[in-house]
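There are 4 protein chains.
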Amino acid sequence: MIIVMKERAGEAQIAAVQGKIESCGLKAYVSRGESKTVIGMIGDVSRADPGAFRMLPGVESVMPIGKPYKRASMAFKGERTVVSIPPVRGGDRGLEIGGSGVVVMAGPCAVESREMLLSLGAYLKEAGARMLRGGAFKPRTSPYSFQGLGVEGLKYLAEQRSVVGLPIVTEVMDARDVEMFSEFVDLIQVGARNMQNFALLKALGQCKKPVMLKRGLANTLEELLMSAEYVLNAGNEQVILCERGIRTFEKFTRNTLDLSAVPVLKRESHLPVVVDPSHGVGHWDLVAPMALAAVAAGADGLIVEVHPEPAQAVSDGGQSLTPRHFKEMMEGVEKVARAVGRSLA
Amino acid sequence: MIIVMKERAGEAQIAAVQGKIESCGLKAYVSRGESKTVIGMIGDVSRADPGAFRMLPGVESVMPIGKPYKRASMAFKGERTVVSIPPVRGGDRGLEIGGSGVVVMAGPCAVESREMLLSLGAYLKEAGARMLRGGAFKPRTSPYSFQGLGVEGLKYLAEQRSVVGLPIVTEVMDARDVEMFSEFVDLIQVGARNMQNFALLKALGQCKKPVMLKRGLANTLEELLMSAEYVLNAGNEQVILCERGIRTFEKFTRNTLDLSAVPVLKRESHLPVVVDPSHGVGHWDLVAPMALAAVAAGADGLIVEVHPEPAQAVSDGGQSLTPRHFKEMMEGVEKVARAVGRSLA
Amino acid sequence: MIIVMKERAGEAQIAAVQGKIESCGLKAYVSRGESKTVIGMIGDVSRADPGAFRMLPGVESVMPIGKPYKRASMAFKGERTVVSIPPVRGGDRGLEIGGSGVVVMAGPCAVESREMLLSLGAYLKEAGARMLRGGAFKPRTSPYSFQGLGVEGLKYLAEQRSVVGLPIVTEVMDARDVEMFSEFVDLIQVGARNMQNFALLKALGQCKKPVMLKRGLANTLEELLMSAEYVLNAGNEQVILCERGIRTFEKFTRNTLDLSAVPVLKRESHLPVVVDPSHGVGHWDLVAPMALAAVAAGADGLIVEVHPEPAQAVSDGGQSLTPRHFKEMMEGVEKVARAVGRSLA
Amino acid sequence: MIIVMKERAGEAQIAAVQGKIESCGLKAYVSRGESKTVIGMIGDVSRADPGAFRMLPGVESVMPIGKPYKRASMAFKGERTVVSIPPVRGGDRGLEIGGSGVVVMAGPCAVESREMLLSLGAYLKEAGARMLRGGAFKPRTSPYSFQGLGVEGLKYLAEQRSVVGLPIVTEVMDARDVEMFSEFVDLIQVGARNMQNFALLKALGQCKKPVMLKRGLANTLEELLMSAEYVLNAGNEQVILCERGIRTFEKFTRNTLDLSAVPVLKRESHLPVVVDPSHGVGHWDLVAPMALAAVAAGADGLIVEVHPEPAQAVSDGGQSLTPRHFKEMMEGVEKVARAVGRSLA
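Residue numbers (our numbering), protein chains in the order written: chain W, 1 to 345; chain Y, 1001 to 1345; chain F, 2001 to 2345; chain B, 3001 to 3345.
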């Protein structure tokens, strides 16, 4: 943190800033320019609240230096995290997210029935998907909308896993459910609306399963990394970041998929980055081009909504691919992955 | 919901849309224009997912009609909700939020110490505040920032109430804490980051204490009303809405305080509306003008950060008023309240 | 500007930054902390492009210090600018914008006919308006929408001025028209879409009439001040700033009226600040509360759309007040102005 | 346009809406549902202002149907527009934008010197660029920043064209300069800040050179298409659309590059779509991944900033590629283009 003093700041004001820095257990260094004095500090800067310094007399502005995230930062770890999903059945391969292979997760927005999961899962696996997505607990804007099948949905997902063999990723909404999710689920998703539900993040930091954090609708990438920091700091190092679109003024798309998140997060952090083009754009016909673009930008994985009959889906039908469109998309994804030196996982 | 068919949509496509409408338990009515056919539906439209209709062949666009909120709507109740805070000590008056008086809630961002609360509370009460705010559980972007005093903080707040006499408003972050909050707190606040934490909203719907919902950083007013709907629908009718700024590109202010939220929410809903200018702007010197503007726009209350020594605050010092500035602001608030035909509660 | 070097930056890299600073005609000062070196510069910093420094090896970040605006800044002038509109007819008073009186400008979105202007102008004057607004050249999203009456519209406005006596404010869209506007118009408005039309701003800087700059839909307040700087720097000191709403995700309102712009601009700059609640919210029933809020926040003036028959307006009918609603609004505006120590101009 | 009446709207109110529709030269059709009446209209709906209908008594809401753009729409033309840039020297090939080849435009942010353009142009051509970009007239937020070399810059660009052979694309800022640009420039660019400078768009509609329209920072894709409509409607059919990032709250990037613009614009319109990753992200190290993503999403071209010594650039150095990085990027672009069935032009 650097504190810039006003042009006419007096010695007593400068001394007061120094004093406050030292009272935070930090060391101050003062740099006197011709017109303005600039004061820096050394030590664990997280102890000093920028707002408090802004209040001190004679202070013009306060600027953060350095990154607020530690464990999530590339500098901290020095090598990329690869999240491992163990084989779900004897004889299956395990799965790595964040390695050279691009991992595709696919499935319906919401778990609707046991039969649908089984048949769709088999199709998706054949087409190249490596994980099955599907919501059992659904965050819905309206209390009158379908809220998901709940525990029953988790059981169907688990049955699919043992029958078809795709590990499952699904969203947890309540810290009280984390233990149960740890039993049933291979990758626990935190939805966009809960990205800063810190009680939930702390609970997930104490479980043993990998966690996929979706970026909130109005959250900066720095805040996404800070939410990852909550999980990492609580002891769980298996964290995946997911870009799924931010809220802007544009109306053609449901959200604005910010693909620059991919190279930014890969530069700043060692954590794997997955892209959700379905929520990002909200219209099925835009999903495939954005999936290809995500892979070209360097994404480690995709999470895509597929429904056998989108027009009959209980939610998000308009953004779901049909199985056939998914298959076509996968051909493109494979080609683009190879063009950027990767392959399908 | 209205479904507009493409110009060349055939009879079979029109019939399929009708069929889907009827399968949702609704009645369809078809209006054939010269170029396009438009299909409406009658009944409980919340059963029909717009996305699913967008997928049907021949459909050009799907437009919602009417409001998705019911219990929160002005039309549903027909009269304004007045939230009552019972007297906290024998001999005190109770407090009404949403009546003719403008209610001012004030206090530090975070509860820091017992002594500070007691002396600040007494000052604020004298200056016209009717409730004490103060965070015991703090949502912080960083896991390394001060997370609040927790239960101890709640106890200090409660002690202030019995000694000084100001009822208290403070934020709950975890559904597991709702029962404890119901004991200690007069008005339970849901912070912006948890506005769509539906597990928390459902838990609050089952408690007996009034709830103040803060608008999320990227949430529309319609979504705020839908979150209120969660609480109302679960059985708690004592809900207050709070505008506290949305996230935009502007950099001079921490957020953009959307004061048009006040007349919009008062038109759409019967629920009281409170404004938080401190978080809305993030700089203490902008708080008073925005507080006055909020009252001029019709707000039923204000929630404002005040700290005896902002430069020593553990959080949000930069946006806290000093007690003296608070007193000055209150003089202006009273004058503007009278100018719009109201008074201080 | 302050340049923060990476932790491992070497002496040669530090020297290269110093060299580049000096090559811009500035003086460098180097401050060596324990972990990082910070380099400042003294002189006319506008000569140094931050982006260029970001490219230099060893540089971690580059932070601007101080304000990029000069002539628009409070510090530069030290006293408030009062823009004078001379009396338009013998015997009339002149008008001051930026003094203690709140100036209300009102009129139709577009000039539609001579008769309407004359009768509406008389009504508005009687109700307390001090300037007549009305578009002769209309910026329309669609080339197929009504583009305004053009020069004919300017003539009707001017006729109203000589008959009714209200000075006129209207929008210029083309640098080629500035000379003509200087003849007909008392206050030349730059619309939101042209806030960064620098060719237009330069032309206006050379004319003798006051200019009102509307904030662009996605422009920061700093950028608004920089656009004012273009006009001021070209020699025209009669500049008024106007907040009229920014574009966000909210849907109930046409734009999000950012009233915190008022205290921010009054703090940063000496220029008068006017608020346009009509474009800010886009619905007539929200205009009056936001007009009152603007005055409470400290606005020096309001610009409001009024139409004798909004349902017949050629544009923006939905946000126009009827004359009767305008009169009611003016009563509230006067009361709030007095509550904040001002009056109607 | 569809007009939904309130539940209790009476016959007289319905008749008044019908009357207003007919007074616009349109035909009304009334559809009476059980609870609400819905009124549609047939004919040239651009004559009817939605805002005016919203004002009529008994009207609940007004919803547009169909697209406001005509000449820019895919439906209007039925086949893709290919913009042709004629060969600039005897013996050279001409250039097509919007065909199967991906066209890369590259060069410095601003034209700085004759020598630099000549040597950089030769390098870029060798590396696969097909057009040279470079600003002669620069839109700068600050009047104190370098404003470009002006006409001299245009001459250097033209000299490069005759010596090196790359056709040139550069920005026009003033309608008075359109004629001069028509002489010197192969593709005239309208910058983001002027996307709704309608005077400029109309002037460009009357010139004979192709025009590239950049999306404004806060403009929807529909508004971009409407600005294209201004040029098309004035008689110039050679229009290219350019996505260059929108303004959001994210801070790691200068803007948020909205790559979903590519498939949306290709679906809605027949016009070619180019992406500018340099302005979109604002940091050179993010340019290449986003360029690859743009091609994967279906872009017809890229426009990229390259500078021989970014640290010495007079503007935008931080987002400029070095020539070597450009060459590396081109290898990736070519591979991704092939992966999606295209090639480098």
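Virtual Cβ for every residue (Gly too), placed ideally from N, Cα, C.
For residue i, is the classification buried or exposed, using 16 other Cβ atoms within 10 angstroms of its Cβ as the cut-off for buried?
{"i": "Glu1250/Y", "result": "buried"}
{"i": "Phe326/W", "result": "buried"}
{"i": "Ser113/W", "result": "exposed"}
{"i": "Val3151/B", "result": "exposed"}
{"i": "Phe76/W", "result": "exposed"}
{"i": "Ser3100/B", "result": "exposed"}
{"i": "Ala27/W", "result": "Checking the sequence shown, residue 27/W turns out to be Lys, not Ala. Exposed, since its Cβ has fewer than 16 Cβ neighbours within 10 Å."}
{"i": "Glu3126/B", "result": "exposed"}
{"i": "Arg2008/F", "result": "exposed"}
{"i": "Ser2343/F", "result": "exposed"}
{"i": "Arg2324/F", "result": "exposed"}
{"i": "Ser3260/B", "result": "buried"}
{"i": "Glu2243/F", "result": "buried"}
{"i": "Glu2229/F", "result": "buried"}
{"i": "Glu3268/B", "result": "buried"}
If you draw a straight line from the alpha carbon of residue i to that of residue j, how long is it in whole angstroms?
{"i": "Ala1311/Y", "j": "Gly43/W", "result": "20 Å"}
{"i": "Glu3179/B", "j": "Cys3207/B", "result": "7 Å"}
{"i": "Met2226/F", "j": "Pro2087/F", "result": "30 Å"}
{"i": "Ser2315/F", "j": "Phe181/W", "result": "56 Å"}
{"i": "Ala12/W", "j": "Ile3/W", "result": "15 Å"}
{"i": "Gly1025/Y", "j": "Ser145/W", "result": "15 Å"}
{"i": "Val2045/F", "j": "Met2001/F", "result": "7 Å"}
{"i": "Gly3148/B", "j": "Tyr1069/Y", "result": "55 Å"}
{"i": "Gly280/W", "j": "Leu232/W", "result": "26 Å"}
{"i": "Glu2022/F", "j": "Met1329/Y", "result": "48 Å"}
{"i": "Ala997/Y", "j": "Val1306/Y", "result": "Because residue 997/Y is not part of the residues shown, which for chain Y are 1001 to 1345, the question remains open."}
{"i": "Met1005/Y", "j": "Arg1054/Y", "result": "10 Å"}
{"i": "Asp3276/B", "j": "Gly3245/B", "result": "8 Å"}
For the alpha helix (DSSP H) holding residue i, just list the boundary residues, first then last.
{"i": "Gln2018/F", "result": "Glu2011 to Ser2023"}
{"i": "Ala3052/B", "result": "Pro3050 to Met3055"}
{"i": "Leu213/W", "result": "Premise fails: Leu213/W lies in the beta strand (DSSP E), Val211 to Lys214, not in any alpha helix (DSSP H)."}
Got a sec, what are the start and stop residues for the beta strand (DSSP E) residue i sits in?
{"i": "Val185/W", "result": "From DSSP, Val185/W is part of no beta strand (DSSP E); its letter is neither H nor E."}
{"i": "Val3004/B", "result": "Ile3002 to Met3005"}
{"i": "Gly3040/B", "result": "Thr3037 to Ile3042"}
{"i": "Met2063/F", "result": "Val2059 to Met2063"}
{"i": "Ser1031/Y", "result": "Lys1027 to Arg1032"}
{"i": "Val3172/B", "result": "Ile3168 to Val3172"}
*With a floor of 4 residues, list each alpha helix (DSSP H) that falls wholly inside the region 2067-2096 of chain F, ordered by position along the chain.*
Whole alpha helix (DSSP H) segments, 4+ residues: 2074-2077.
*asked:* Quick check on the DSSP output: what are the complete beta strand (DSSP E) runs of length 3 or more inside the region 1264-1335 of chain Y, in order along the chain?
replied: Correct list: 1273-1275 and 1301-1305.
*Give the residues from the region 2240-2261 of chain F that approach chain Y closer than 7 Å (Cβ to any Cβ), ordered along the chain.*
Under the 7 Å Cβ criterion, the region 2240-2261 of chain F contributes Ile2246, Thr2248, Phe2249, Glu2250, Lys2251, Phe2252, Thr2253, Thr2256, Leu2257, Asp2258, Leu2259 and Ser2260.
*May I have a chain-ordered list of the alpha helix (DSSP H) segments no shorter than 4 residues that lie completely inside the region 1092-1161 of chain Y?*
Unbroken alpha helix (DSSP H) runs of no fewer than 4 residues, entirely contained in the region 1092-1161 of chain Y, are found at 1114-1127, following chain order.
*Near-chain W residues of the region 1098-1111 of chain Y - C-beta to any C-beta below 8 Å*: Legend: CB atoms of the region 1098-1111 of chain Y lying less than 8 Å from CB atoms of chain W are not found in any residue.
*Going along the region 2180-2207 of chain F in order, which residues come within less than 7 Å of chain W, judged by CB to CB distance?*
Those residues of the region 2180-2207 of chain F that come within reach of chain W (Cβ to Cβ, closer than 7 Å) do not exist; the list is empty.
*Within the region 2185-2255 of chain F, note down every full beta strand (DSSP E) run reaching 3 residues or more, in order along the chain.*
The DSSP assignment places 2187-2190, 2211-2214 and 2239-2243 as complete runs of the beta strand (DSSP E) inside the region 2185-2255 of chain F, in order along the chain (cut-off: 3 residues).
*Selection of the region 3069-3084 of chain B by Cβ proximity to chain Y, strictly under 7 Å*: Residues: none.
*Can you list, in chain order, the residues of the region 2156-2181 of chain F whose Cβ is nearer than 9 Å to any Cβ on chain B?*
For the region 2156-2181 of chain F, the set of residues with a beta-carbon nearer than 9 Å to any beta-carbon of chain B comprises Met2173, Asp2174, Ala2175, Arg2176 and Asp2177, in chain order.
*When you check each C-beta in the region 3287-3313 of chain B against every C-beta of chain F, which residues fall closer than 7 Å?*
Here the close residues are Pro3310, Ala3311, Gln3312 and Ala3313.
*Using a beta-carbon distance cut-off of less than 9 Å, what residues from the region 1216-1229 of chain Y approach chain F?*
If the cut-off is 9 Å between Cβ atoms, the region 1216-1229 of chain Y has Ala1218, Asn1219, Thr1220, Leu1221 and Glu1222 near chain F.
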